[in-house]
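Our numbering numbers the first residue of the sequence shown as 198 and each following residue consecutively. Think of the CB as a built atom: it goes at the ideal place given N, C-alpha and C, for glycine as much as any other residue. None of the values given here were measured: they were computed from a predicted structure. These notes concern the structure reproduced below.
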Amino acid sequence: MLYVRFSSNEIVIGADSKRTAETGDYVYVCKISQIGDTFVTSAGLAEYGAFDPRQFAVEALSDSRSLVEARTRFEQLIEQPLIEVLKKVKVRNRSSYDAFKKGAAINFIFARFVDRPELVTTALTPKDEVGGSISLVKNRVTLLGPPNRAKRIFVGVSKRAEVLLDRPSFWAKGTVAGVQQLLEMSVKDNPDAGGPIDIVQLSRGTAHWFPREPQCDSRSRRVRGT
Numbered sequence: 198m199l200y201v202r203f204s205s206n207e208i209v210i211g212a213d214s215k216r217t218a219e220t221g222d223y224v225y226v227c228k229i230s231q232i233g234d235t236f237v238t239s240a241g242l243a244e245y246g247a248f249d250p251r252q253f254a255v256e257a258l259s260d261s262r263s264l265v266e267a268r269t270r271f272e273q274l275i276e277q278p279l280i281e282v283l284k285k286v287k288v289r290n291r292s293s294y295d296a297f298k299k300g301a302a303i304n305f306i307f308a309r310f311v312d313r314p315e316l317v318t319t320a321l322t323p324k325d326e327v328g329g330s331i332s333l334v335k336n337r338v339t340l341l342g343p344p345n346r347a348k349r350i351f352v353g354v355s356k357r358a359e360v361l362l363d364r365p366s367f368w369a370k371g372t373v374a375g376v377q378q379l380l381e382m383s384v385k386d387n388p389d390a391g392g393p394i395d396i397v398q399l400s401r402g403t404a405h406w407f408p409r410e411p412q413c414d415s416r417s418r419r420v421r422g423t
């Protein structure tokens with residue numbers, strides 16, 4: 198579950214921490230993390246534990262001069278490992294695989310605000326091909342520079358919370374407070390989501406975490422108590 202608001206003066210990203218491991222156990226992860234001056238956010242099939250999308254993002258950013266290039270490189274790096282995992286999911290858990298076909302197996306975001314707000318996303322959705330093979334459909338969003346009006350992206354937000362998004366009163370205490378309330382409500386409505394909730398606010402040359410920057414290990418697993 199994640200929510201992003203992109204405007205001329207800030208980028209706010211919020212996410213929950215709960216994922217289900219391939220064993221069926223719950224794991225708690227850092228879905229948002231910082232790589233240099235860029236913040237990346239991952240939601241989706243990483244819950245099966247075969248790979249950590251963040252490691253592909255590290256390599257993609259090191260090979261690229263722009264976020265658009267980094268997204269393309271990330272898609273190249275993750276494509277085959279993701280397809281291999283999807284083949285297993287298709288056999289072992291068909292209902293999950295069918296859900297990914299309706300939505301996305303991976304949602305991934307690159308965001309930064311150095312001189313201007315920049316945000317690019319990719320959503321990778323499995324598609325069944327003739328002969329039983331699987332391909333990936335890429336759905337992208339590219340936001341570079343101040344928009345004419347604020348944009349939003351969300352995944353896994355509950356219907357009860359979604360109806361509040363266009364009410365000015367819901368955002369009266371600011372974007373961060375609104376995102377916090379939105380995610381808390383969605384966590385209550387969705388048993389597959391769970392806290393802690395992490396929020397990062399990017400403005401020109403600065404970043405602030407709410408309530409604080411999470412600590413995770415090399416596999417993006419959350420360190421107990423953070």
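| Item | Value |
| --- | --- |
| For Leu379, three-class secondary structure by DSSP | helix |
| Residues near Gln377 in its chain [Cβ-Cβ closer than 8 Å; skip 5 each side] | Gly211, Ile394, Ile396, Phe407 |
| Residues bridged to Ile331 [DSSP beta-bridge criterion] | Asp325 |
| Val286, enclosing alpha helix (DSSP H) - first and last residue | 264-289 |
| The segment 260-267 touching the segment 280-297, judged by at least three CB pairs closer than 8 Å | no |
| Span separating the alpha-carbon of Val255 from that of Ala267 | 9 Å |
| Ranges of the beta strand (DSSP E) found wholly within the segment 351-411, counting only runs of at least 3 | 395-400, 403-407 |
| Rounded C-alpha distance that separates Leu242 from Ile306 | 14 Å |
| Contact check, Ala302 vs Pro278, beta carbons under 8 Å | no |
| Of the residues Ala404, Asn304, Arg216, the one placed nearest Ile350, counting alpha carbons only | Asn304 |
| Exposed unless 16 or more other CB atoms sit within 10 angstroms - verdict on Lys215 | buried |
| Residue environment, Tyr223, which counts as buried when at least 16 other CB atoms sit within 10 Å | exposed |
| DSSP bridge partner residues for Pro314 (one or two, in chain order) | Phe310 |
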